[in-house]
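Engineer: Have a look at the structure that comes next, please.
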Amino acid sequence: MSTIRLFTDDCVIYRKITNNEDIENLQKELDRLGERAAENAMKINPSKCKAVRCTRDRVKDPLNYTLGAQLIPEASSCKYLGINLRSDLSCADHVDYTVKKAWKALYFIMRILEKGNSSTKCLAYTTLVRPILEYGVACWDPYR
3 MSTIRLFTDD
13 CVIYRKITNN
23 EDIENLQKEL
33 DRLGERAAEN
43 AMKINPSKCK
53 AVRCTRDRVK
63 DPLNYTLGAQ
73 LIPEASSCKY
83 LGINLRSDLS
93 CADHVDYTVK
103 KAWKALYFIM
113 RILEKGNSST
123 KCLAYTTLVR
133 PILEYGVACW
143 DPYR
């Protein structure tokens, strides 16, 4: 059985695929999702959907999942709730993105508070930079 995670306007459906029957069942659940959305007058934009295979295997058949009559494009990564997920389960993209975003916030603080006192700089760092670095750390920290 597939797992569905909902958060405001985001939805993720995932399932462990071990054989062709699992692929068929996932497609059936996608069809059911499309039907329920239509019944409840909800719109799902298939062009914003992505099919991502999370595996370290080298042999990869193309993913041919559809939502409605539209093919869901296959992608090597996706962003979900601010976390960059890559198909090879590497956290490199997420770490790079987070570091760049934190540096931008830090440079902003350094420019604005160039002549500020140390307690103000510390408070600005704690408020603006540290949350960027700590968000989602449990997802990509290999030691937890």
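When you line the sequence shown up against this note's numbering, it's residues 3 to 146, in that order. Ideal Cβ positions, reconstructed from N, Cα and C, are used throughout, including at glycine.
By DSSP, does Arg38 sit in helix, in strand, or in coil?
Structural biologist: For the purposes of this step, residue 38 is taken as residue 36 along the sequence shown, with counting starting at 1. Helix at Arg38.
Engineer: Classify Val97: buried if its beta carbon has 16 or more other beta carbons within 10 angstroms, exposed otherwise.
Structural biologist: Within the sequence shown, residue 97 is the residue found at index 95, counting from 1. Its Cβ having fewer than 16 others within 10 Å, Val97 is exposed.
Engineer: Check whether the segment 86-97 and the segment 127-135 touch, using three or more Cβ-Cβ pairs below 8 Å as the test.
Structural biologist: They do not touch, by the three-pair rule.
Engineer: Among Ile85, Ile6, Ala71 and Met112, which residue has its Cα nearest to the Cα of Asn47?
Structural biologist: In the sequence shown, the residue the question calls residue 47 occupies position 45. Among Ile85, Ile6, Ala71 and Met112, the Cα nearest to that of Asn47 belongs to Ala71.
Engineer: With DSSP collapsed to three states, give me the class of Tyr127.
Structural biologist: On the sequence shown, residue 127 is found 125 positions in, with the first residue counted as 1. Tyr127 falls in the helix class under three-state DSSP.
Engineer: If you draw a straight line from the C-alpha of Arg34 to the C-alpha of Arg60, how long is it?
Structural biologist: Counting from one through the sequence shown, the residue named residue 34 turns up at place 32. Counting from one through the sequence shown, the residue named residue 60 turns up at place 58. Rounded to the nearest angstrom, the two C-alpha atoms are 31 Å apart.
Engineer: With Ile74 and Lys52 assumed to form a contact (beta carbons below 8 Å), what rounded beta-carbon distance in angstroms separates them?
Structural biologist: The residue you call residue 74 lines up with position 72 of the sequence shown. The residue you call residue 52 lines up with position 50 of the sequence shown. The Cβ separation is near 7 Å, so the contact holds.
Engineer: Helix, strand or coil: how does DSSP classify Asp24 here?
Structural biologist: For this step, residue 24 is matched to residue 22 along the sequence shown. Helix at Asp24.
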